[in-house]
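Peer 1: Counting along the sequence shown from 1, when you hit position 17 you're at 1 in this note's numbering, and nothing is skipped either side.
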Amino acid sequence: MRDISEFIYGEEYVEKNKAFEEEMSRIEDKHLDFFKSREPRNETEEHDRLHNHYALRTASGQVQFSFNQGSDLPEDIKNECREAFHRIWKYAD
């Protein structure tokens, strides 16, 4: 069965979304000591996770990336996330 997002947004969206998720996982792994040193935001997780700090929103075919209100990630991690988003989704500021 195909992903519902592929049905709604198309194959290119699904490919970019997968690439973005992989890149965010790589960023989290790179900074794993930081995340492991923090309390989990979700009781099912052992420690804080990068996905707790951002949101992707899609409207009218445009994908928007933002950090959740209250995210206290260090600026270097935020910059890596922004760069990954712009590199994969090809959106300018």
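Glycine residues also receive a C-beta, built at the ideal position from the N, C-alpha and C atoms.
Note that the structure is predicted; figures quoted are calculated from it, not measured.
#1: For L57, which residues from the same chain have a beta carbon less than 6 angstroms from its beta carbon, with the 5 sequence-adjacent residues on both sides left out?
#2: Tell me, to the nearest whole angstrom, how far the beta carbon of F18 is from that of A68; I am working on the premise that it is less than 8 angstroms.
#3: Which residues in the same chain as I11 place their Cβ atom closer than 8 angstroms to its Cβ, once the five residues preceding and following it in sequence are excluded?
#4: Between T42 and the rest of its own chain, which residues show a CB-CB distance below 6 angstroms, the 5 nearest in sequence each way excluded?
#5: Using 9 angstroms as the threshold, is the C-beta distance between L40 and Q48 below it?
Peer 2: The relevant details are as follows:
#1: Only H37 meet the Cβ criterion.
#2: Distance from F18 to A68 at the Cβ level is roughly 17 angstroms; contact not present, criterion being Cβ atoms closer than 8 angstroms.
#3: Apart from the 5 residues on each side of it in sequence, I11 sits with its Cβ closer than 8 angstroms to the Cβ of L34, I61, E64, C65 and A68 in its chain, given in chain order.
#4: Answer for T42: no residue qualifies.
#5: L40 is a Cβ neighbour of Q48, given a cutoff of 9 angstroms.
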